[in-house]
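Visitor: Provided herewith is a single structure, encoded as structure tokens, for subsequent inquiry.
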Amino acid sequence: MNWPQFWQYTAANALLGIVPAVVGLAISVPLGIACVRWRWLYGPVLSATSVIYAIPSLALFVVLIPSTGLGNLTVIIPLTLFSLCVLVPNVVDGLRSVPEPVRQAATAMGFGTVRRLVRVELPLAVPIVIAGLRVAVVSSISLASVSTLIGVASLGYFFIDGLQRDFSEEIYAAIVAVIVLALGCDLILVLARRLLTPWSRKQGGRATINAEGGQLLQEQAI
Amino acid sequence: MSFFSFAWNWLNSASQWQGANGIPIRVGQHLYYTGLALLVAALIALPIGVLIGHYGRGGFIAVNLANVWRAIPTLGLLILMVKLLGFSYLTWLIPLVVLAIPPILVNAFEGVASVDRDLKDAARGMGMTDQQILRKVEIPVALPLIMLGLRTAAIFVVATATIAAVIGFGVGGLGRYILDGLATNNYGEVAGGAALVVVLALLVQFAFVGLRRLVVPAPLRDLARADS
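First to last, the protein sequences are chains A and B.
Everything in the first sequence is counted per numbering that gives the first Met the number 0, starting at 0 for the first residue and increasing by one.
Everything in the second sequence is counted per numbering that gives the first Met the number 0, starting at 0 for the first residue and increasing by one.
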């Protein structure tokens, strides 16, 4: 087992998984806010993301090869698009989950639209947004391993290499590494949610399960 | 040349549409992998999800387990199956079933668990037994979410059946074109194969929209839309 190479590809896989989720979040928050603000926008946006989401990642990698070559970008762009499909609905649901009395109270306290959004609505949307982010990051880390089929380095390399060299340990190690990497990111996000929403710890778990359970519907295939 | 012109040129040459490796045969294989995997996954996941939802126990564990489950890289699992099982049909079936289980299970669970309490109490008040409540109230009301889970799973599987071709040795499906094309630097074949998978995935998505209209009672349809 070539460990330096293994760690290097683990890092590459982490990068290919995490960057799309972060970029996806950066796109989804303004897009989600816009969809809440202008309701007519949400339908078309939702249709567009769910059409993209039906496209296999391998096919989308292939579509991009003529424009972006065989580099990281060819993998990151499709995974980012897929993450939108999970994140945009979650941002919208999160913002819509803010109770109307809370919104009115903020207005009554003299908050303008922007300040209310930043100080009240977005913080209250955090649990649902993070539930979506968990799905996005776990799926893209797992999916990034497919990039090996178009020759972009990731842990998937060891699947194919292990098969060709008849070396099962390599396959096991790479599968475990993908899962550990994904669950590590998942754990960080769970901790981030606890830090960002200290008030939610006192409430029962049911609402959180619902938010996360609902999001398991939205995964992405290979 | 762009992706589309590559795909278009490849799809337009008549030789792709005939013979044992022709497009119709490959599409048929692809749909066969998808259908069988979906059927097996539904037979496993639907009863479990419905029962967990009905009895209200184990939901937390199921949802978190599904989260771990989702992290399993399908490509890695597929290749592991090649090593362990060789070239049997289980080699492609197991990874695809594993992929399809979480969305079906979690949606069935959420659907049944979120049935309004008052509705169940009313059914009990009408003298329904526990089983009747499950069959006549909970499952029909949960149908929008159950169908959503099946649709999500179907889209995963139709898209992921592409990589089944990694197995080689007689395993076809549309992924064959993509992988063969990549191996021989024939980008036209790669693009054509990718285009076919995309079209097939979209057709499956539309088929499920139609199926839902058939299966889900009209008053419940809007509920699912809010969720999807």
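Cβ atoms here follow ideal geometry from the backbone N, Cα and C, with glycine treated the same way.
Whose Cβ in chain A lies nearer than 7 Å to the Cβ of residue 1 (chain B)?
Guide: The answer, in chain order, is 65.
Visitor: Between which two residues does the alpha helix (DSSP H) carrying residue 19 (chain B) extend?
Guide: Here residue 19 (chain B) belongs to no alpha helix (DSSP H), and DSSP marks it neither H nor E.
Visitor: Mapping the DSSP letters down to three states, classify residue 138 (chain A) as helix, strand or coil.
Guide: Helix at residue 138 (chain A).
Visitor: Return yes when the Cβ of residue 63 (chain A) is within less than 7 Å of the Cβ of residue 153 (chain A), no when it is not.
Guide: No, Cβ-Cβ distance for residue 153 (chain A) and residue 63 (chain A) is not below 7 Å.
Visitor: Give the secondary structure of residue 213 (chain A) by DSSP, where H, G and I count as helix, E and B as strand, and everything else as coil.
Guide: Reliability fails at residue 213 (chain A), whose pLDDT of 42 lies under 50, so the model's placement of it is uncertain and the value that follows must be treated cautiously. If DSSP states are grouped into helix, strand and coil, residue 213 (chain A) belongs with the helices.
Visitor: Let's see if you can read the secondary structure: which residues bound the alpha helix (DSSP H) around residue 213 (chain B)?
Guide: Here the alpha helix (DSSP H) through residue 213 (chain B) covers 186-214.
Visitor: How many Å lie between residue 71 (chain A) and residue 84 (chain B) at the Cα?
Guide: Looking at the two C-alpha atoms, the distance is approximately 33 Å.
Visitor: On the criterion of 16 or more Cβ atoms from any shown chain inside 10 Å, does residue 68 (chain A) qualify as buried, or is it exposed?
Guide: It is exposed - the Cβ of residue 68 (chain A) has fewer than 16 other Cβ atoms within 10 Å.
Visitor: Residue 155 (chain A) CB to nearest chain B CB: under 7 Å?
Guide: So yes, residue 155 (chain A) belongs to the interface.
Visitor: With 16 other CB atoms within 10 Å as the buried threshold, where does residue 1 (chain B) fall?
Guide: Residue 1 (chain B) should be labelled exposed.
Visitor: Are the beta-carbon atoms of residue 141 (chain B) and residue 191 (chain B) separated by less than 7 Å?
Guide: Cβ distance not < 7 Å, so residue 141 (chain B) and residue 191 (chain B) don't count as in contact.
Visitor: I'd like to know if residue 94 (chain B) contacts chain A, where contact means its C-beta is closer than 7 Å to some C-beta of that chain.
Guide: So no, residue 94 (chain B) is outside the interface.
Visitor: Taking DSSP as the reference, what is the three-state secondary structure of residue 118 (chain B)?
Guide: Here residue 118 (chain B) sits in helix by DSSP.
Visitor: For residue 215 (chain A), which residues from the same chain have a beta carbon less than 8 Å from its beta carbon, with the 5 sequence-adjacent residues on both sides left out?
Guide: In this prediction, residue 215 (chain A) has a pLDDT of 39, which is less than 50 and means its spatial position is unreliable; what the coordinates show is noted afterwards. 134.
Visitor: CB-CB under 7 Å to residue 40 (chain B), same chain, minus the five flanking residues each way: which ones, in chain order?
Guide: Excluding positions up to five away in sequence, the list reads 96, 99, 100, 103, 152.
Visitor: Taking only three categories from DSSP, how would you classify residue 165 (chain A)?
Guide: Three-state DSSP puts residue 165 (chain A) in coil, outside helix and strand.
Visitor: Listing by chain order, which chain B residues have their CB less than 8 Å from the CB of residue 124 (chain A)?
Guide: Simply none; closest approach about 17 Å.
Visitor: Please compile the residues from chain B whose C-beta is within a distance smaller than 7 Å of the C-beta of residue 182 (chain A).
Guide: The contacting residues are 67, 70.
Visitor: Please look up how many angstroms separate the CB atoms of residue 140 (chain A) and residue 13 (chain A), rounded, as I've assumed it's under 8 Å.
Guide: That belief holds up - the Cβ atoms of residue 140 (chain A) and residue 13 (chain A) are roughly 7 Å apart, short of 8 Å.
Visitor: Determine the DSSP secondary structure at residue 71 (chain A), reduced to helix, strand or coil.
Guide: If DSSP states are grouped into helix, strand and coil, residue 71 (chain A) belongs with the helices.
Visitor: Report the residue ranges of all alpha helix (DSSP H) runs contained in full by the segment 30-93 of chain B; include only those spanning at least 4 residues, in chain order.
Guide: Complete alpha helix (DSSP H) runs here, min 4: 58-69, 73-84.
Visitor: Counting only the same chain and skipping the five closest in sequence on each side, list residues whose C-beta sits under 7 Å from that of residue 51 (chain B).
Guide: Hits under 7 Å: 57, 58, 61, 108.
Visitor: Should residue 197 (chain B) be flagged as near chain A, meaning a C-beta pair shorter than 7 Å?
Guide: Yes, its Cβ sits closer than 7 Å to a Cβ of chain A.
Visitor: Starting from residue 12 (chain A), follow the alpha helix (DSSP H) in both directions and report where the run begins and ends.
Guide: Note, residue 12 (chain A): alpha helix (DSSP H), 2-36.
Visitor: Let me know if residue 170 (chain A) comes out buried or exposed under the rule of 16 or more other beta-carbons within 10 Å of its beta-carbon.
Guide: Counting Cβ neighbours within 10 Å, residue 170 (chain A) comes out buried, since at least 16 surround it.
Visitor: When you check each C-beta in the segment 71-87 of chain B against every C-beta of chain A, which residues fall closer than 9 Å?
Guide: Hits within the stretch, in order: 71, 72, 73, 74, 75, 76, 77, 78, 79, 81, 82, 83.
Visitor: Based on Cα-Cα distance, which residue from B:92, B:71, B:37, B:199 lies nearest to residue 173 (chain A)?
Guide: Of the candidates B:92, B:71, B:37, B:199, the one whose C-alpha sits nearest the C-alpha of residue 173 (chain A) is B:71.
Visitor: Is DSSP giving residue 97 (chain A) helix, strand or coil here?
Guide: In the structure shown, residue 97 (chain A) sits in coil (DSSP, three-state: anything other than H, G, I, E or B).
Visitor: With the cut-off set at 7 Å, would you say residue 81 (chain B) and residue 166 (chain B) are in Cβ contact?
Guide: Contact flag set, yes.
Visitor: Does the structure place the segment 77-96 of chain A close enough to the segment 18-38 of chain A that three or more beta carbon pairs sit under 8 Å?
Guide: The segment 18-38 of chain A is in contact with the segment 77-96 of chain A.
Visitor: How would you call residue 177 (chain B), buried or exposed, if buried means at least 16 neighbouring beta carbons within 10 angstroms?
Guide: It counts as buried.
Visitor: So is residue 5 (chain A) in contact with chain B if we call contact Cβ pairs under 7 Å?
Guide: So no, residue 5 (chain A) is outside the interface.
Visitor: Closer than 7 Å by C-beta to residue 196 (chain A): which residues in its own chain qualify, once you throw out the five before and the five after it? Chain order, please.
Guide: Around residue 196 (chain A): 125, 126.
Visitor: Any heavy atom of the ligand GDP closer than 6 Å to the CB of residue 19 (chain A)?
Guide: Of the ligands one can find in the structure shown there are none, so the ligand GDP has no counterpart to examine.
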